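To start, the structure under review is shown below, and the notes come after it.
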């Protein structure tokens with residue numbers, strides 16, 4: 185009898201969600217993208233997504249405060265709406281809390297959650313609380329979007345440039361430093377904040393959704409290799425990623441140096457960066473970069489190729505290496 | 185430092201959700217009712233609700249099969265949409281599953297969930313899977329409704345009759361029998377099914393929502409005493425419940441007899457009946473009962489009084505007894 189650990193998180197998702205037949209004609213996009221899209225009214229799509237944080241799986245309390253966890257749960261869901269180019273609007277929260285858990289800590293979590301949602305004018309409209317062995321919280325986020333602005337994972341074309349907002353490897357650097365509280369590190373809290381309180385690229389996603397030259401978009405939550413694979417698989421393409429183009433924050437570079445870790449591995453496999461990865465018509469790069477310049481830097485990190493499923497890293501020395509199609513698997517961590 | 189067990193499930197809900205300021209003008213009904221209602225488009229409300237089933241809190245695997253649990257998770261959420269008089273449309277599922285959990289059992293759960301949602305043409309549009317110490321699943325259900333059909337917990341008026349669909353005490357009877365597998369009982373599976381695979385009163389809720397004489401509505405998930413209290417508190421009224429009017433299924437009566445339990449206690453405090461409790465203009469009772477006759481029986485079980493917060497049971501002998509404002513508390517079970 186096969187166990188969930190054996191099939192893995194993505195195997196289970198594949199089994200459960202990938203083959204749901206579309207029963208309703210008002211479902212534009214069901215399971216399998218960053219968020220779902222259904223027709224709310226003529227000219228308006230309702231977006232929805234759900235994501236969770238489970239104690240012992242996604243976090244341990246030594247690594248993150250309750251308020252930070254609330255912020256993070258908001259941000260990881262906001263990032264899924266950002267990846268569609270949408271506007272977040274409403275949220276429903278499901279909390280499971282141990283009996284002996286301090287009420288004050290639940291309130292701090294909730295304050296952190298609300299504060300981050302408030303920034304985007306998102307209101308919590310539903311909540312459920314239950315006892316449980318460990319703390320876990322799942323958030324359902326609803327949003328809206330104009331149908332002609334919807335950006336999905338599919339649609340990348342051979343010859344497209346692969347771009348990313350901000351920088352990569354931040355989640356891995358922040359986690360590494362949070363896990364090692366005894367290491368002396370200037371600006372420690374700035375780095376751990378990359379992992380504890382990420383920021384969703386809502387504004388950038390909305391700007392990008394206005395460009396018809398943006399052909400496909402996804403958020404980088406599982407790591408560039410994993411999410412790049414998702415984007416290529418959805419569009420039946422491949423891609424080449426340029427190692428020497430990967431944008432890295434100076435503090436992430438310093439952290440990798442401190443721990444003797446590979447920056448490229450962090451960028452490719454670390455995950456939890458919550459940047460936007462998108463494929464564009466190369467001719468539009470100049471105007472897109474300029475349009476987003478006041479919000480976030482945009483970097484070309486690769487190109488889309490026609491060979492389906494071929495994901496390669498081009499090293500600084502010109503060599504091409506097949507990437508592991510690996511993403512973080514919570515059953516195998 | 186106060187713990188969640190000390191403050192209790194409802195204390196925590198009160199603390200977190202009851203005082204959320206309405207930030208957005210398109211939120212008609214936020215937390216605190218069976219489902220939330222926001223303006224989706226002019227003339228259409230978007231309903232949403234979230235509820236969960238946690239192993240060791242809401243169920244144990246000896247008492248319920250995976251397929252039954254899937255059915256039940258669908259039904260308890262459908263019941264919240266029914267209580268608003270709405271039409272369910274879309275669902276998002278968040279699953280937390282132990283590493284060593286059989287994949288086949290997840291699939292059986294999921295099949296049970298989908299089958300029950302399919303009955304109401306509800307499509308799953310979003311899913312999330314995570315590892316966890318115990319199995320838990322939370323479902324977010326979205327639906328629609330015409331604004332003038334929206335039924336909330338508030339609105340009951342003194343002199344209104346308090347009515348209920350179907351019968352009460354089924355959840356308690358089914359649970360009691362499931363917990364005692366060695367007791368010989370004819371039609372055992374019919375009784376345990378009351379608890380394992382309840383049916384939401386979607387059609388009845390929709391019919392009731394068409395009557396302006398239905399002033400307030402809630403579903404009976406916590407027990408008549410608890411949900412009656414919720415309805416009275418929301419409307420700043422009280423109520424008197426007539427013990428000898430409580431509708432009881434013959435098999436529930438037989439189960440109570442077998443275990444020597446009080447039928448009245450099961451009806452008042454048992455919970456998990458998923459019937460609709462509603463307050464109506466007495467003059468409309470005849471036509472409402474007739475309109476619902478092909479769907480479900482309707483029974484008058486009490487009346488609304490002006491004394492705020494006074495909830496009394498009128499015994500068969502005419503004596504009045506204050507009811508415990510008690511509902512099932514998952515932190516105190």
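Protein chains in written order, with our numbering: chain U, 185 to 517; chain C, 185 to 517.
Just so you know, even glycine gets a beta-carbon here, dropped at the ideal spot from N, CA and C.
Note that the coordinates shown come from a computational prediction; the quantities given were computed from them, not determined experimentally.
- If you draw a straight line from the Cα of residue 405 of chain C to the Cα of residue 336 of chain C, it is about 15 Å long.
- Collapsing the DSSP output to three states places residue 245 of chain C in coil.
- Interface flag for residue 248 of chain C against chain U is unset, since no Cβ pair is found closer than 8 Å.
- With contacts defined by Cβ atoms closer than 8 Å, residue 315 of chain U and residue 225 of chain C do not form a contacting pair.
- Secondary structure note for residue 436 of chain U: its alpha helix (DSSP H) is the uninterrupted segment 434 to 443.
- The beta-carbon of residue 186 of chain C is placed less than 8 Å from the nearest beta-carbon of chain U.
- Rounded to the nearest angstrom, the gap between the Cα atoms of residue 276 of chain U and residue 231 of chain C is 11 Å.
- Contact residues of the segment 321 to 333 of chain C toward chain U are 322, 324 and 326 (C-beta to C-beta distance below 8 Å).
- Scanning the segment 322 to 367 of chain U from its first residue to its last, the whole alpha helix (DSSP H) runs of 4-plus residues come out as 354 to 362.
- Against chain C, the beta carbon of residue 294 of chain U has neighbours under 8 Å at 200, listed in chain order.
- For residue 367 of chain U, the closest of U:439, U:355 and U:274 by C-alpha to C-alpha distance is U:439.
- Contacts between residue 257 of chain C and chain U, judged by CB atoms closer than 8 Å, are missing: the closest CB pair is about 12 Å apart.
- Residues of the segment 445 to 475 of chain U that bring their beta carbon within less than 9 Å of a beta carbon in chain C are absent altogether.
- The C-beta of residue 504 of chain U has fewer than 16 other C-beta atoms within 10 Å across all chains shown, which makes the residue exposed.
- Beta-bridge analysis with DSSP links residue 308 of chain U to U:275.
- The criterion of a C-beta distance shorter than 8 Å is not satisfied by residue 454 of chain U and residue 350 of chain U.
- In the structure shown, residue 375 of chain C falls within a helical segment according to DSSP collapsed to helix, strand and coil.
- Taken through DSSP and simplified to helix, strand or coil, residue 498 of chain U comes out as strand.
- The Cβ atoms of residue 400 of chain C and residue 463 of chain C sit closer than 8 Å to each other.
- Boundaries of the beta strand (DSSP E) around residue 505 of chain U: 504 to 506.
- Sequence-distant Cβ neighbours of residue 202 of chain U in its own chain, meaning closer than 8 Å and more than five residues away, are 215 and 216.
- According to the DSSP secondary-structure assignment, residue 285 of chain U is paired through a beta bridge with no residue.
- Of all alpha-carbon atoms in C:489, C:427, C:485 and C:474, the one lying nearest the alpha-carbon of residue 501 of chain C is that of C:427.
- Straight-line measurement puts the Cα of residue 264 of chain C at about 29 Å from the Cα of residue 227 of chain U.
- The Cβ atoms of residue 371 of chain U and residue 247 of chain U do not sit closer than 8 Å to each other.
- The shortest CA-to-CA distance from residue 390 of chain U to any of U:243, U:493, U:211 and U:262 is the one to U:262.
- DSSP places residue 472 of chain C within a helical segment (H, G or I) once states are collapsed to three.
- Distance from the CA of residue 490 of chain C to the CA of residue 326 of chain C, rounded to the nearest whole angstrom, comes to 35 Å.
- Rounded to the nearest whole angstrom, the CA to CA distance from residue 359 of chain U to residue 380 of chain U is 8 Å.
- The C-beta of residue 405 of chain C comes no closer than 8 Å to any C-beta of chain U.
- In the structure shown, the three-state DSSP call for residue 397 of chain U is coil.
- Per DSSP, the beta bridge partners of residue 220 of chain U are U:232.
- Neighbours of residue 402 of chain U in chain C, taken as residues whose beta carbon is under 8 Å from its own, are absent, since the nearest beta carbon is some 15 Å off.
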